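Before any comments, here is the structure.
Numbering (this note's numbering), first residue to last: 785 to 1004.
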């Protein structure tokens, strides 16, 4: 049962709003840093070990039942870019709507009431995994996959990249995703104070630039 539930939560068709966000790929494509499968893989690998690791730790912590207010504050502290903080809360609100419709429970209702502007998406993701009967490593795997799956899908649209090549990139990153999920879960079991705080300054800088574009395909 848990494996099937994990597939539902990680499915790109789950209406959590991620399809509208590129995870920084749109700005990277415009800057010429992502232009083919090889550069996409390098971008995704870097994102996985920074923003992805941080998100996976937060998600694992929420799935463990750590204090959501402390987790959300930790997410804020790990997100210097106002544009990325706003995007994370928008995604958190959208995910919360989908989660409450799919796995209704008092814990999700309480989280929604506590954060009317939306909690950070990884915090909501972990709470959703918990409500669905999944464990912290399941939540961390979802966050790790989202960290690279979103940019890979966006790059197919942005560059017309062969979707088979993009999928092959994700397959090659699978062992690294497993490693990140394991590291994030181990840290979350030690408490909020030792959650990963890996940074990606270029993602923060380009997120602010991207938010100011008058025309763009993705929200972030």
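Quick reminder that beta carbons are idealized off the backbone N, C-alpha and C, glycines included.
None of these values were measured; they are calculated from a predicted model.
Have a look at 867, 976, 881, 905 and flag the residue whose alpha-carbon is nearest the alpha-carbon of residue 1005.
In the structure as shown, the chain starts at 785 and stops at 1004, and residue 1005 therefore has no counterpart that could be examined.
Taking the alpha helix (DSSP H) that residue 870 belongs to, which residues open and close that run?
866-886
Grouping DSSP H, G and I as helix and E and B as strand, with all else coil, what is residue 853?
helix
Residue 936 and residue 1002 closer than 8 Å at C-beta
no
Taking residue 947 and residue 940 to be in contact with their CB atoms under 8 Å, please state how far apart those CB atoms are, rounded to whole angstroms.
5 Å
First and last residue of the alpha helix (DSSP H) that includes residue 983?
That residue, residue 983, is in no alpha helix (DSSP H); it is neither H nor E in DSSP.
Enumerate in chain order the residues of its own chain whose CB-to-CB distance from residue 922 is below 6 Å, with the five nearest sequence positions on each side excluded.
790, 913
Give every residue of the same chain whose Cβ lies closer than 7 Å to the Cβ of residue 804, excluding the five residues on either side of it in the sequence, and list them in chain order.
1002, 1003
Rounded Cβ spacing between residue 840 and residue 965 (contact assumed at less than 8 Å)
6 Å
Is residue 794 near the ligand ZN, judged by its Cβ being under 7 Å from some heavy atom?
In the structure shown, the ligand ZN is absent, as is every other ligand, since no ligand is present at all.
With DSSP collapsed to three states, give me the class of residue 827.
helix
How would you call residue 785, buried or exposed, if buried means at least 16 neighbouring beta carbons within 10 angstroms?
Note that residue 785 scores 47 on pLDDT, short of 50, meaning its location in the model is unreliable and no value can be drawn from it.
Any idea if residue 787 is buried or exposed, counting beta-carbon neighbours within 10 angstroms, 16 or more meaning buried?
exposed
Considering Cα atoms alone, identify which of 899, 889, 864, 894 is closest to residue 875.
899
DSSP three-state assignment for residue 785, whether helix, strand or coil
With a pLDDT of only 47 at residue 785, under the threshold of 50, the placement of this residue in the model should not be trusted, and no figure is reported.
Outcome for residue 978 when other beta-carbon atoms lying within 10 angstroms are tallied against a minimum of 16
exposed
Just to confirm, is the Cβ distance from residue 838 to residue 980 under 8 Å?
yes
Per DSSP, what kind of secondary structure is residue 953 in: helix, strand or coil?
helix
Span of the alpha helix (DSSP H) around residue 937
920-943
Nearest-angstrom beta carbon gap, residue 889 and residue 909 [assumed within contact, 8 Å]:
That belief does not hold up - the Cβ atoms of residue 909 and residue 889 are roughly 15 Å apart, past 8 Å.
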